[in-house]
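Before any comments, here is the structure.
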Amino acid sequence: AIPNYGHARGYDQFVYQNESVGFKEEMLIGEVIDHIEAFKETNQFLWITIGDLHDIADELDLPNSVQSNMRLEERVQEEKSATSVKQNYSVLKIMAFKRMLKRVDILYQYLEINYEKEDIIVSLFADHGQGYMVRSDEHFMSKGRSNVAFMFRGAEIKAQKCDEIISTSDYIKIMCKLANIKMKDVKIDGVLPKAFGGEGREYALSESIHPHDPYYAAIFAEDVNFYFENPFPVQDDGRFYLKEYNAWITDKQGNRISDWKKYNKYLNIIIEHIKPLLIYD
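Put into structure tokens, the structure is as follows:
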């Protein structure tokens, strides 16, 4: 969420500080609470980016409150890779991840003490999964990398665990519904999930466009998963040649199946989706 990427547009105030040089979670949450207190009688929309969970993938020292609750064998340092999504499966990092998540509870406790449930809407979500949650025999775009935390809390939200397919592009539809904001009549990719009173979606598409790596994509539908790989490396501008790609379809248990109707359907969706990214000679 760097301001010069355009993220500062539309906000009355934008506070930015690199997380690794001082804006750790405890300081960030303190800044958030201070802001809420200063404008307590005003309706507020706050977007908060907490980067501390990345410390696990980066092999940095975790807070004392986390380390003191970890067994010695859980604190063994493992070799990290260039980016978090490329790291190898690690039980130790998964355990550390769960312990670090609990530190966010401080902000929830403040909201519960100071507000009635009908006065707040809280959404918690991540940007991507983690490589250390994906086993070596799984596809690069398996759920450990493509699925994200996606949780909501508010007076109008029914307590439930939702298993339907939801895309991050549905976020604005959900938030406008919960905040009773009428959306402008513009075309977007998002739909309102069934859990929030909408029609839901048939599938969600996830992709990896990482420079110098193959292009990976996956479509998650209700009954099948579709995987796509293009071996030609992605260029620095995000484009690539479409050459000798591989694609297959599996059931929800990960077993490859033959269903040419669905195969061709989802392959056409991928090809149509990547047309703006292809290099044409």
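Be aware that the sequence shown starts at 1110, since it is given in the numbering used here, and climbs by one per residue. Just so it is clear, CB atoms sit at the ideal spot from N, CA and C, and this is done for glycine as well. All of these numbers come straight from a predicted model, not from anything done at the bench.
Rounded to the nearest whole angstrom, the CA to CA distance from Lys-1282 to Arg-1208 is 31 Å. Within the stretch 1253-1302, the runs of beta strand (DSSP E) that reach at least 3 residues and sit entirely inside it are, in chain order, 1259-1263. When DSSP states are grouped into helix, strand and coil, Val-1124 belongs to the coil group.
A direct Cα-to-Cα measurement between Tyr-1219 and Arg-1244 gives close to 38 Å.
Straight-line measurement puts the Cα of Ala-1327 at about 8 Å from the Cα of Ser-1251. Within the DSSP secondary-structure output, Leu-1233 pairs in a beta bridge with Met-1260. According to DSSP, Ala-1326 shares a beta bridge with Glu-1316 and Phe-1337.
Between Glu-1135 and Gly-1160, the C-beta spacing is not below 8 Å.
In this structure, the straight-line span from the alpha carbon of Ile-1275 to that of Gly-1309 is close to 8 Å. The shortest C-alpha to C-alpha distance from Asp-1345 to any of Ser-1278, Asp-1322 and Phe-1329 is the one to Asp-1322.
When DSSP reads this structure, Arg-1365 sits in a beta bridge with Thr-1359. For Phe-1206, the enclosing alpha helix (DSSP H) begins and ends at 1200-1210.
Contact between Asp-1298 and Val-1333 does not hold, since their C-beta atoms are separated by about 21 Å, which reaches or exceeds 8 Å. Residue pairing by DSSP places Phe-1349 opposite Leu-1387 in a beta bridge. The Cβ atoms of Phe-1329 and Asn-1339 do not sit closer than 8 Å to each other. Ile-1142: member of the alpha helix (DSSP H) spanning 1134-1147, first to last residue.
Between Lys-1352 and Phe-1123, the alpha-carbon positions lie close to 44 Å from each other. When DSSP states are grouped into helix, strand and coil, Glu-1221 belongs to the helix group. The closest CA to that of Ala-1313, considering only Ile-1230, Thr-1158, Gly-1307 and Tyr-1375, is found on Tyr-1375.
Residue environment: Gly-1240 is assigned as buried (16 or more neighbouring CB atoms within 10 Å of its CB, all protein chains considered). The DSSP-derived three-state label of Met-1250 is coil. Distance from the CA atom of Gly-1306 to the CA atom of Glu-1265, rounded to whole angstroms, is 11 Å. Exposed is the label assigned to Lys-1211, since fewer than 16 other Cβ atoms lie within 10 Å of its Cβ. If you ignore the 5 residues before and after His-1319, its C-beta comes within less than 7 Å of the C-beta of Val-1343, all in its own chain and listed in chain order.
The C-alpha of Lys-1202 lies about 44 Å from the C-alpha of Asp-1294. Contact check for Val-1141 against Leu-1155 passes: the beta carbons are separated by less than 8 Å. The Cβ atoms of Val-1257 and Ala-1235 sit closer than 8 Å to each other. Taking a C-beta distance under 8 Å as the contact criterion, Ser-1315 and Ser-1278 do not qualify as a contact pair.
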